[in-house]
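Chains as they are written, first to last, in my numbering: chain A, 378 to 467; chain B, 378 to 467; chain C, 378 to 467; chain D, 378 to 467.
What follows is a single structure, written as structure tokens, with notes after it.
Number of protein chains: 4
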Amino acid sequence: MNANDDVLNRLKSAEGHLRGVIRMVEDDVYCIDVMRQIQAVQAALNKISANILENHLNSCVITAIRGENPSDRERVLREIADVYEMATKT
Amino acid sequence: MNANDDVLNRLKSAEGHLRGVIRMVEDDVYCIDVMRQIQAVQAALNKISANILENHLNSCVITAIRGENPSDRERVLREIADVYEMATKT
Amino acid sequence: MNANDDVLNRLKSAEGHLRGVIRMVEDDVYCIDVMRQIQAVQAALNKISANILENHLNSCVITAIRGENPSDRERVLREIADVYEMATKT
Amino acid sequence: MNANDDVLNRLKSAEGHLRGVIRMVEDDVYCIDVMRQIQAVQAALNKISANILENHLNSCVITAIRGENPSDRERVLREIADVYEMATKT
């Protein structure tokens, strides 16, 4: 199983979890329990994002930084700083 | 449309968004773009959680606090403090 | 020691921790170690916010909700929904 | 002014802000207002962390990745993935 398959499986599991949350709301489950399950989905998505970033660092980022194109290098570093900043806001 | 329907619609939209993210990974879309879409799903889930909390405060919480059962009152307040603390961790 | 003193002590400890981070930057400590200490300060601040909310729920919020002023009641609930939403963004 | 000075100034400003929060608690300011100021300090710390990461990417990370030591390279990438994962939890 490659890194991408692992990310896919985790995303599908998070999506199944979210469908479960939708059923909870349809079944009028207690609000706080719904909120806790949404927080669990978000924790799973955080973990998936961290995995994607790790794969990205070990492929595209290494290639760009070891490559000869300074604007590629700048771009990949800029993108990492950006997703980090976004991550602290969500 | 009642408050519950609004939450349901937003949850279904977030789930559709997450299915889109799965397709992006299947299509080998650039990692950073996938991460940004995951962050967008999380921002939507944050908004939904806040809506659920607001509905909850205006129904169960008011009922429990105005009611005569001190342990119910304590429980609803304890739960709010708990989901708040969890929210700061995800 | 009342609840307020506990919050004060924790805030002073977080502030001391932050002064330590400033010294780390002055001493050119490795960036990642600085970032980890900033994250530790933020985890402490999250915990303090949750404590303040808990105290608030058990005092002002109970008083307002059990009181006879509907606009006070609405205001305290509105404020809780707001700080929750903000918390999911920081 | 170099990048480090900018980080230092922002950290000192965040620390002054936090001292202000301590005074608010000493003066028994309304809980929700205290919580909002704590959230503002955290937003400032998020921004500072993102700046430190950006400086780090443009110095140590480039050097390590363009260098000839594979274990250095692995370490810097591992550290970035780690601080990202931590950031999504605080």
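Here a beta-carbon is modelled for each residue, glycine too, at the ideal position from N, C-alpha and C.
Keep in mind that this is a model prediction, so the values were computed, not measured.
- Interface criterion not met: the Cβ of L454/C is under 8 Å from no Cβ in chain D.
- Contact between the segment 399–406 of chain D and the segment 427–447 of chain A is absent: fewer than 3 CB-CB pairs across the two stretches fall below 8 Å.
- Residue contact check for N423/C against chain B: a CB pair falls below 8 Å.
- Excluding sequence positions up to five before and after L430/A, its CB lies within less than 8 Å of the CB of I457, V460, all in the same chain and listed in chain order.
- Residue state for T465/C is assigned as coil, using DSSP reduced to three classes.
- For the pair E462/D and A421/A, the CB atoms are not nearer than the 8 Å cut-off.
- Within the segment 385–397 of chain B, contact with chain A at the beta-carbon level (separation under 8 Å) is assigned to L385, L388, K389, A391, E392, L395, R396.
- Residue nearest to L434/B within the set I415/C, S390/C, R450/C is R450/C (criterion: CA-CA distance).
- Using a CB distance cut-off of 8 Å, A458/C does not count as an interface residue toward chain D.
- Distances from the CA of L395/A to each of K389/B, I415/B, R452/B, S436/B were compared; the closest alpha carbon is that of K389/B.
- Its chain contains V453 as the residues whose beta carbon lies nearer than 6 Å to that of V438/D, once the 5 sequence neighbours on both sides are disregarded; these appear in chain order.
- Distance check between G397/C and each of T465/C, I425/C, R413/C places R413/C closest, using alpha-carbon atoms only.
- The residues N432, in chain order, have a CB closer than 6 Å to that of A380/A in the same chain once the five nearest residues on each side in sequence are set aside.
- Distances from the CA of R455/B to each of I409/A, S448/A, D382/A were compared; the closest alpha carbon is that of I409/A.
- Measuring C-alpha to C-alpha distances from D382/A to each of D383/B, D382/B, M401/B identifies M401/B as the nearest.
- Between T440/B and A464/C, the CB-CB gap reaches or exceeds 8 Å.
- Per the C-alpha coordinates, the member of A391/A, L385/A, I399/A, A417/A positioned closest to R387/B is I399/A.
- For E392/A, the enclosing alpha helix (DSSP H) starts and ends at 380–403.
- In terms of beta-carbon proximity, S448/A stays away from the interface with chain D, with every pair separated by 8 Å or more.
- Those residues of the segment 409–420 of chain A placed with their C-beta closer than 8 Å to a C-beta in chain B are I409, V411, M412, R413, I415, Q416, V418, Q419, A420, ordered along the chain.
- Shown here, V411/D sits in a helix according to DSSP, grouped into three states.
- Rounded to the nearest whole angstrom, the C-alpha separation of A417/A and A391/A is 9 Å.
- Against chain C, the CB of S426/B has a partner CB under 8 Å away; the residue lies at that interface.
- The alpha helix (DSSP H) runs lying completely inside the segment 435–466 of chain C and spanning 4 residues or more are 439–443, 447–464, given in chain order.
- Taking the beta carbon of Y407/B as reference, no residue of chain C falls within 9 Å; the closest one sits roughly 25 Å away.
- Taking a Cβ-Cβ threshold of 7 Å, the residues of chain C close to A464/B are Y461, A464, T465, in chain order.
- Looking at the backbone, the Cα of Q419/B and that of G393/C are separated by about 33 Å.
- Apart from the 5 residues on each side of it in sequence, K424/B sits with its Cβ closer than 8 Å to the Cβ of R387 in its chain, given in chain order.
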